[in-house]
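Residues in the sequence shown are numbered from 0 upward in steps of one, following numbering that gives the first Met the number 0.
Here the structure is laid out as structure tokens; the discussion comes afterwards.
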Amino acid sequence: MSELFSLNGRVALVTGASRGLGFAMS
């Protein structure tokens, strides 16, 4: 369960980071 949560958290973090970068650059 913790591994799945960690994976989802990591994906969300990466997605949020890439969205933030794209928003900041545009």
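Virtual Cβ for every residue (Gly too), placed ideally from N, Cα, C.
Q: Grab the span of the alpha helix (DSSP H) containing SER17 for me, first residue to last.
A: 1-24
Q) Out of curiosity, what's the CA-to-CA distance linking ALA23 and VAL13? A) 15 angstroms
Q. Using a threshold of 7 angstroms, is the CB atom of ARG18 nearer than that to any non-hydrogen atom of the ligand ZN?
A. The ligand ZN is not part of the structure shown, which contains no ligands of any sort.
Q.
I need the straight-line Cα distance from ARG18 to SER1, nearest angstrom please.
A. 25 angstroms
(Q) Is there a Cβ of chain C sitting closer than 8 angstroms to that of LEU3, yes or no? (A) In the structure shown, chain C does not exist; there is a single protein chain.
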